[in-house]
Structure formats: C-alpha cells, structure tokens
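Engineer: Starting off with a structure, shown below.
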Amino acid sequence: MGYPYKLPDLPYSQDALEPYIDARTMGIHHDKHHAGYVNNLNKALEGHDDLQKKDLYELLADLDSVPADIRTAVRNNGGGHANHSLFWKVMKPGAGGVPSGKLAEAIDSTFGSFDAFKEQFSKAGATRFGSGWAWLSVNGDGGLVVSSTANQDNPVSAGLIPILGLDVWEHAYYLKYQNLRGNYITAWWEVVNWDAVGSNYSAVQVALGISGFVGRIKSSWDKIFG
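Under the working numbering, the final residue of the sequence shown carries the number 249; numbering is consecutive throughout.
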C-alpha cells in the first residue's frame, strides 16, 4: 500500500454476499465510501514528498509524525482505506462456520470457546457508540485481543495487527437493516471468511520471529494488507 493509493477491486461480485449484505449496500460502500477515502488520502498527501515515500503502515503507526494540518485527514482516510481493504478480504460467499487449525486453538485458549469469542466480538460491535469498527487483533506477544475503535481508527495505531474487522458504520448496513445493528452483526457471521482470517493469523505468527517489535508488526501488516 503506497502512494498514490488505489481502490482495490472487490474479490467477488456486489451481490455475492446476498442475502446477508445486499448488492446496493456493497456497491455504495465500495464504489463511493471506500473510493472517497482513497481519493481524500491521496489529496491530503499532495505536496508532501516525504510522506508519499512512506507506506500506509508507517503513516498510521506513527500519526504524530504527520503534520498537524493533515493529520486528521490521514488518520481518517488512511484508516478508512486500510480498514476497508481488510474488510472485503475477510468476507466471501458461502462462508461462515467456525475457524480451524491454529487460529481455532488460539481462540479457544484465549476466550474459552468460539461461542464466547463470538459473543465478545459481537458486543464490541454492537456497543460501539456512533460509528466505528470491531476487531480481532494480535498483540506484540502473539496474543489475541478483541477491541473496538471509533470512526476509521485502525488498531495498528495502538501497536496491534488486526486480522478480522467488522464495519459498524451505518453506511455498512442501514439500507437493509436500518437501526437494527445487532441483526446486521448476526448476519455478518454468515459471510466471514475464516480461511482468510486464519491466513492473517499465520502471517502474524511467522512475523513474530522477526527481530524487533516494529519489524515484525510491519512484516505482518504487509502480508495482510498488501
């Protein structure tokens, strides 16, 4: 992910996640909202040659190094681009179910069971006031963490690498579910691509062997978001 940033293609058709996520929502979400974040991020970075040489991880992981006059724009639009790029990848038609392998073992070890994890993650999304995201991330010690962030904030700004994210902005669900965010969250579990999430988890585990906290976080970010 480097400047100038580009809108990635959806890995499936806009109607592929029906009936859980409707085609009209997907079209507006990807073609308008995500595209807007990409365009506004590129606009914010115009004339900042030093920042254009950094990738998105470097910008979001060290927002204090971004000039104050564009910091909010980079935080919001850079986060929006990164968050949505992950969001599309962790869904697919005919998915859902439960994770397997090392990720399943880690979820059971951390949360007690998949159902307990699912409840905690769903609560993080349902109780996020206003707009934001729910996340499953990996910390620097390799542990799993459920959290939520406001607006388009990305967990990398807090030293975490997200491997699963759920958009709970109203634009993600309001056309179909209106004010019933909980119904949207319940439906979303039916399209979670656990193969992709498991691959993300494996990428982080491999990266943990790289010397230096920043180095290993950067390596796993590239594999997940690149």
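From the three backbone atoms N, C-alpha and C, an ideal C-beta is built for every residue, glycine too.
Computed from a predicted structure; not experimentally measured.
1. List the DSSP bridge partners of Trp158.
2. Leaving out five residues before and five after Asn206 in sequence, what residues of the same chain have Cβ atoms less than 8 Å from its Cβ?
3. Classify Ala84 as buried or exposed, calling it buried when 16 or more other Cβ atoms lie within 10 Å of its own Cβ.
4. Assuming Leu109 contacts Ile247 under a Cβ cut-off of 8 Å, what Cβ separation, rounded to an integer in Å, is found between them?
5. Can you tell which of His194, Trp158, Trp217 has the C-alpha that lies nearest to the C-alpha of Pro178?
6. Evaluate His194 with the Cβ neighbour count: other Cβ atoms within 10 Å of its Cβ, from every protein chain shown; 16 or more gives buried, anything less gives exposed.
7. Would you say the stretch 111-130 touches the stretch 215-229, given that touching needs at least three Cβ pairs under 8 Å?
8. Give a yes or no on whether the C-beta atoms belonging to Leu64 and Ala91 are separated by under 9 Å.
9. Shorter than 9 Å from the beta carbon of Tyr196 to some beta carbon of chain D?
10. Any idea if Gly182 is buried or exposed, counting beta-carbon neighbours within 10 angstroms, 16 or more meaning buried?
11. Below 7 Å CB to CB, which residues in the same chain sit around Val21 once its five sequence neighbours on both sides are set aside?
12. By a C-beta neighbour count over all protein chains shown, 10 Å radius and 16 as the cutoff for buried, is Asp190 buried or exposed?
13. Could you tell me the distance, in whole angstroms, from the CA atom of Ser234 to the CA atom of Gly163?
14. From which residue to which residue does the alpha helix (DSSP H) around Leu64 run?
15. What are the complete alpha helix (DSSP H) segments, minimum 4 residues, inside the stretch 69-153?
16. For the alpha helix (DSSP H) containing Ser222, name the first residue and the last one.
17. How many angstroms separate the CA atom of Gly119 from the CA atom of Glu69?
18. Going by C-alpha distance, which of Met24, His53, Tyr26, Ser170 is nearest Ser36?
Structural biologist: Reading it off the structure:
1. Ser170, Gly188
2. Tyr200
3. buried
4. 7 Å
5. Trp158
6. exposed
7. yes
8. no
9. Checking the listed chains, one finds no chain D in this structure; it contains a single protein chain.
10. exposed
11. Given that the chain is displayed from residue 24 to residue 249, the structure contains no residue 21 and the question cannot be resolved.
12. buried
13. With a pLDDT of only 49 at Ser234, under 50, the local geometry of the prediction cannot be trusted, and no value is derived from it.
14. 58-68
15. 72-75, 79-84, 91-96, 102-112, 124-134, 137-149
16. 217-230
17. 41 Å
18. His53
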